[in-house]
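Per the numbering used here, residue 298 is the first one in the sequence shown, and the count goes up by one each step.
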Amino acid sequence: SNQQHPTPNTNTNTQHQNCKSKRGTKTNTEDKDEATTIKMRAAVRTGLLGWTMSFTKDQPHPAPANTAIEPTDILIKVKSAAINPVDYKLPRLVGGKVVGIDVSGVIEKVGADVTDFQVGDDVFGRAMNSKGKLSGSLADYTLVGMEEVAKKPEWLPFDHSAALPTAYLTGIQSLRGGNVKKGSSVLIIGASGGCGIAGVQLAKAMGASRIVGICSGKNFEFVRGMSGVEKAENLELVDYTDGDAMRDFKENNNGKFDCIYDTATGSGNGEDYVLTMLKLLKEQTGEYVQINGSPSTWVRHFAGKMKPQRTMVVTDPKGKANLEEIVSLLESSGVKPHLDVKSFNEKSLADGFEQLKGRRTKGKIVFNMD
298 SNQQHPTPNT
308 NTNTQHQNCK
318 SKRGTKTNTE
328 DKDEATTIKM
338 RAAVRTGLLG
348 WTMSFTKDQP
358 HPAPANTAIE
368 PTDILIKVKS
378 AAINPVDYKL
388 PRLVGGKVVG
398 IDVSGVIEKV
408 GADVTDFQVG
418 DDVFGRAMNS
428 KGKLSGSLAD
438 YTLVGMEEVA
448 KKPEWLPFDH
458 SAALPTAYLT
468 GIQSLRGGNV
478 KKGSSVLIIG
488 ASGGCGIAGV
498 QLAKAMGASR
508 IVGICSGKNF
518 EFVRGMSGVE
528 KAENLELVDY
538 TDGDAMRDFK
548 ENNNGKFDCI
558 YDTATGSGNG
568 EDYVLTMLKL
578 LKEQTGEYVQ
588 INGSPSTWVR
598 HFAGKMKPQR
608 TMVVTDPKGK
618 ANLEEIVSLL
628 ESSGVKPHLD
638 VKSFNEKSLA
648 DGFEQLKGRR
658 TKGKIVFNMD
């Protein structure tokens with residue numbers, strides 16, 4: 298591999314002399330300009346509003362060596378980054394120039410007020426800076442707020458920890474929103490996707506006594522294998538492609554669930570389970586939690602006018618404490634997320650997003666930066 302790298306130019310003094318003789322001594326601003334031109338690989342939003350995505354090797358480094366970073370920010374050398382549907386649904390104005398939210402990596406630099414972390418720590422979390430702006434995870438380096446990441450435990454590899462933040466933070470907040478605790482009955486719609494698997498694993502770890510997953514019959518074995526549920530009878534699975542099975546399930550389960558966690562409604566193919574599934578909730582106490590929905594549902598959510606027994610979940614910022622809890626729940630259940638790992642280059646990036654948009658992904662797509 299040494300032969301592939303051009304030999305470094307050792308003749309720097311002569312170059313500096315030439316610079317000086319041509320332009321006089323360099324000013325600080327010129328120094329700064331030179332520093333900020335360090336480039337890195339990244340997946341970026343391009344086009345007028347940033348709806349298109351491309352791979353570049355020319356993205357400016359977010360915090361070159363001699364620049365200070367915000368007091369509560371952390372610079373991470375990215376090891377792995379996972380993708381979610383939200384990554385291709387956000388325009389540049391909201392999502393920022395660099396794509397991606399889920400990240401794991403090694404700390405390279407810490408802001409002046411950071412006390413919980415130090416250079417060299419392995420961390421994972423969301424690529425969001427201390428001002429609350431998404432900074433992007435699909436890049437060699439990213440800046441994150443100190444409240445957005447947690448230390449990566451040794452038993453969890455970088456690829457796996459990068460797969461946790463969005464799906465598992467959404468899952469833990471949704472199940473809490475549905476008051477899931479020891480002995481609860483939980484129905485998870487869309488059980489084989491990234492958020493669905495997270496929901497099944499977390500519901501089990503939180504002590505739910507009855508867990509039912511709705512997914513395609515061909516994914517039953519996969520969901521069972523990932524669930525962390527030892528006994529087959531403690532995890533019931535229903536095939537949404539089988540009309541009779543779905544009808545029987547609905548007829549026999551009126552008023553039976555404490556929480557319905559719907560990861561499928563509004564996810565892009567016109568699915569809407571809400572009206573047909575609401576009656577499966579326990580009267581008064583059951584909670585229907587969804588993570589997507591029609592535009593009118595979103596309007597009601599943001600206006601604070603959701604109907605009784607219905608909750609929309611938008612993941613809270615400052616996920617550090619939740620990430621720590623997720624890791625301990627997974628460890629107690631002996632489970633990890635399911636991965637489809639890709640290398641980070643132009644072709645893999647295009648393939649990964651095409652696969653994600655096809656909406657038939659099992660588990661999480663993760664890019665390994667090395």
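The C-beta atom is built at its ideal place from N, Cα and C for all residues, glycine as well.
What whole-angstrom Cβ distance do residue 405 and residue 374 have, given they're in contact under 8 Å? Going by Cβ atoms, the distance from residue 405 to residue 374 rounds to 5 Å, so yes, they are a contact pair.
Which of the three DSSP states is assigned to residue 585 in this structure? Annotated three-state conformation of residue 585 is strand, per DSSP.
Residue 336, buried or exposed, once every other Cβ within 10 Å from all chains shown has been counted against 16: That one is exposed.
State whether the segment 375-386 contacts the segment 456-466, with contact taken as three or more CB pairs (one from each stretch) at a distance under 8 Å. As far as the Cβ criterion goes, the segment 375-386 touches the segment 456-466, which means the pair count is three or higher.
Between the alpha carbons of residue 552 and residue 480, how many angstroms are there, rounded? Distance between the alpha carbons of residue 552 and residue 480 is about 16 Å.
What are the start and end residues of the alpha helix (DSSP H) that includes residue 465? Residues 462-474.
If we require 3 or more residues per run, which beta strand (DSSP E) segments fall completely within the segment 548-615? Listed in chain order, they are 556-559, 584-587, 607-609.
Taking only the alpha-carbon atoms, compute the straight-line gap between residue 388 and residue 349 and give it to the nearest angstrom. Roughly 9 Å separates the two Cα atoms.
Where residue 478 sits in the DSSP three-state scheme: Of the three classes helix, strand and coil, the one that applies to residue 478 here is coil, per DSSP.
So, helix, strand or coil for residue 664, using DSSP? Residue state, collapsed to three classes: strand.
Continuous beta strand (DSSP E) assignments of at least 3 residues falling wholly in the segment 399-424: Correct list: 399-407, 419-423.
What are the residues that DSSP puts in a beta bridge with residue 511? When DSSP reads this structure, residue 511 sits in a beta bridge with 486, 535.
Reducing DSSP to helix, strand and coil, say where residue 540 ends up. In the displayed model, residue 540 falls within a helix according to three-state DSSP.
Leaving aside the five residues before and after residue 430 along the sequence, list all residues of the same chain whose C-beta is less than 8 Å from its C-beta, in chain order. So the list reads 393, once near-sequence residues are dropped.
Three-way DSSP call (helix, strand, coil) for residue 641 in this model: In this structure, residue 641 counts as coil in the three-state DSSP scheme.
Could you tell me the distance, in whole angstroms, from the CA atom of residue 642 to the CA atom of residue 355? The straight-line gap from Cα to Cα measures roughly 13 Å.
Rounding to the nearest angstrom, what Cα-Cα distance links residue 589 and residue 562 in this structure? Rounded to the nearest whole angstrom, the CA to CA distance from residue 589 to residue 562 is 6 Å.
Does DSSP put residue 336 in a helix, a strand or coil? When secondary structure is reduced to three states using DSSP, residue 336 falls in the strand class.
When burial is assigned at 16 or more other CB atoms within 10 Å of the CB, is residue 495 buried or exposed? Buried, since its Cβ has 16 or more Cβ neighbours within 10 Å.
With a CB to CB cut of under 6 Å and the five nearest residues on each side skipped, what residues in its chain are close to residue 319? Caution is warranted here: a pLDDT of 40 is assigned to residue 319, below 50, making its placement in the model unreliable, and the coordinate value is therefore given only provisionally. Within the same chain, no Cβ atom closer than 6 Å to the Cβ of residue 319 is found once the five residues on either side in sequence are excluded.
If we ignore side chains and look at the alpha-carbon of each, how far apart do residue 424 and residue 347 end up? Each residue's alpha carbon lies about 18 Å from the other.
DSSP three-state label for residue 491, please. In the structure shown, the three-state DSSP call for residue 491 is helix.
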